[in-house]
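Here the structure is laid out as structure tokens; the discussion comes afterwards.
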Amino acid sequence: MARAAILVIGDTQYLFDGQRMRPDLLAQTFSRARDLAEQCQAGPILHVVHVGDVTEHGDRAECEAAVEVMGVGCQLLGVGATVVSGNHDIDQRSDDSRGPTPFLSAFGAQGELAHTLGAQAVDDGATIVPGPGGYSSWQVLEVPAPGTRARWDGERLGVLGLDWRPSAATLEWADDLLRTHRHLPTILITHDVAIHRRTRGGAPCGPGELTEHGQRINRMLADHDQVFLVLGGHEWPSTRVVDDGGREFHAVNYQDLPYGGAGAARLYCLNTDRGECEVISFAPTGHDEDLIRSVAARRRLALARPEDQFRFALPPALGGGSTPWQARGLDLLLDLDRRSNPAGACGNEAQEINLPLAGRYVIELRAALPASMPEGWQVLLSRLAHRAPAPDGSPEPLAALSLSTENFVGWQAYLARRPGSDDEPGWTETWQTSHELEVGSQVRIVVSGGTGDARQAASCGLWVDGDRVGRSDGQEILSLLPGPWRWRIGAGEYGGRPTDRFGGRITVLRVWGRADTEHRSAP
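The sequence shown runs -4 to 518 under the numbering used here.
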């Protein structure tokens, strides 16, 4: 599918609350999502998800107001929707055998919204299968090929929506569906999933954890690895939990923010070329005068928390895997991992290796940065000049991945200039630098270059935690300068002498290239 997105809306109960209605804020969510998907080149929005607590009381007036906005918004995007019940939408003491409610009439699998969007759902290849009681649903989305919405490339995505409290019959129904579609990547939505840990005084104090119902769902999914993402709301602030198997659990809820969240929502941008999902949280506040003039709204609706802006790996069926996307099609030349090398092949002790990297190369390094700001430059990986000076006579290494005294990560390397470049020397130098990183943080660094082709420039550069650095000289496509291929892990050199030892811990070092030469460890 290359790229596509899902719009995920958290609890909107304070926007549909008796006489205190703000449907206009939710209406803005859809237009802003459409514009944002275009600006980010996220691909088409495939589907809309609401994680529950659509309304405050679940009465007919609130549900009618909400379903009207949801219907118009989904039609604007040209997609169907999955809306699950929250504890405010129905009697929270009941399970999905509760019978008819205004919420069921509006948002159930056979309710008004499904009827309104029925033609669109058929066009998108999604047929809604209702669960017992009608509050739960199952859809299989056909994913459009890149650049079109009229034909399909065969990729599909399952969407399973479960009631606030699914009955035993519904859980059995869901289990049967998942067994039938055991190879289909699937997203599950249920209102009560995860909670941010809090102190006894109620203040958020650390990572999230699964709620009791979230644990129940996780147990149900023990034999269903195809469910890679579970979405909910209910608790605030928004939080994220990753279980031992890598399954993502996200609580998406902004109702604690000014104006009941002001229509804040998320785009889940699926990129199967890169095998990752980027989560973009946003609030459509730009056209509302009250929100613009509110200091609290400007501060808190920026949604800058790590739990609101992040990315995660997709399952292999959607292009995910352990290999960086920049290295696809290349050969793994080096794999040093502290878990498989307990003696310290990739720890605090500096180590030297021989590793030719002529032409295309990708370096991945994972490390724990020092617990305090470096007093001097520290080098994570260096290419040694082997007692021969650099082409400009510098005593520095031929290449170095370094940590500066400002806690920036930088990649400096001498590169081979392309043949026929006027009267310039046959070499040049690249210098790429990140922003300041948090002291003591765990980082994943990817250095990629040597394509020699400007059309592949997007796969060349320096990335830190998945973000391409903004300070770059644009020479990343050039190959490393020929010469000695001796590398030092965990330190640099100056005039042929070891120096600038890294004060953190390198946990993983992997290198890809062309396997026309073998990697040999130093004796």
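C-beta: ideal position from N, C-alpha, C; glycine also.
- Across the set E33, Y254 and G478, the C-alpha of Y254 shows the shortest separation from the C-alpha of R17.
- In the assembly as shown, S317 is an exposed residue. Its beta-carbon has fewer than 16 other beta-carbons within 10 Å.
- Taking 8 Å as the cut-off, the beta carbon of A76 is found no closer than this to the beta carbon of A101.
- Rounded to the nearest angstrom, the gap between the Cα atoms of G445 and R323 is 14 Å.
- The closest CA to that of S131, considering only L152, A169, F11 and T96, is found on A169.
- About 20 Å separates the beta carbons of I472 and D511, which is beyond the 8 Å limit, so they are not a contact pair.
- A299 sits exposed, since fewer than 16 C-beta atoms from the chains shown fall within 10 Å of its C-beta.
- The beta-bridge partner set that DSSP reports for V503 consists of D332 and R361.
- Cα atoms of G228 and L10: separation of roughly 15 Å, rounded to the nearest angstrom.
- Annotated three-state conformation of P202 is strand, per DSSP.
- H208: member of the alpha helix (DSSP H) spanning E207 to M215, first to last residue.
- Bounds of the beta strand (DSSP E) holding T425 are W422 to T428.
- Between the region 485 to 492 and the region 447 to 464, the count of Cβ pairs shorter than 8 Å is below three; the stretches do not touch.
- Per the Cβ contact rule, the region 48 to 63 is not in contact with the region 308 to 317 (fewer than 3 Cβ pairs under 8 Å).
- A direct Cα-to-Cα measurement between E433 and V135 gives close to 41 Å.
- Membership of S26 in any beta strand (DSSP E) is not indicated; the residue belongs instead to the alpha helix (DSSP H) covering P18 to Q34.
- With a contact defined as Cβ atoms closer than 8 Å, G156 and H176 miss out at about 15 Å.
- Three or more pairs of CB atoms, one per stretch, sit closer than 8 Å, so the region 343 to 362 contacts the region 500 to 511.
- In the three-state reduction of the DSSP assignment, E57 falls in the helix class, which pools H, G and I.
- Annotated as proximal: A28 and L2, with beta-carbon spacing under 8 Å.
- Beta-bridge partners assigned by DSSP to W406: L396 and Q427.
- Ranked by Cα distance from A383, the first of R333, L179, G491 and S377 is G491.
- Per DSSP, the unbroken alpha helix (DSSP H) holding H110 starts and ends at E107 to T111.
- Within the region 142 to 195, the complete beta strand (DSSP E) segments at least 3 residues long are 147 to 156, 181 to 184 and 189 to 193, listed from N- to C-terminus.
- By the Cβ-count criterion, Q346 is buried, with 16 or more other Cβ atoms from all chains shown falling within 10 Å of its own Cβ.
- Apart from the 5 residues on each side of it in sequence, T111 sits with its Cβ closer than 7 Å to the Cβ of G66 in its chain, given in chain order.
- Around the beta carbon of E271, a 10 Å sphere encloses 16 or more other beta carbons of the protein chains shown; the residue is thus reported as buried.
- Checking the DSSP bridge columns, you'll see R(-2) partnered with N266.
- Counting only the Cα atoms, L350 lies some 57 Å from G81.
- The alpha-carbon separation between E344 and A312 amounts to approximately 38 Å.
- If you draw a straight line from the Cα of D30 to the Cα of A257, it comes to about 17 Å.
- Taking the CA atoms as reference points, R439 sits about 30 Å from G5.
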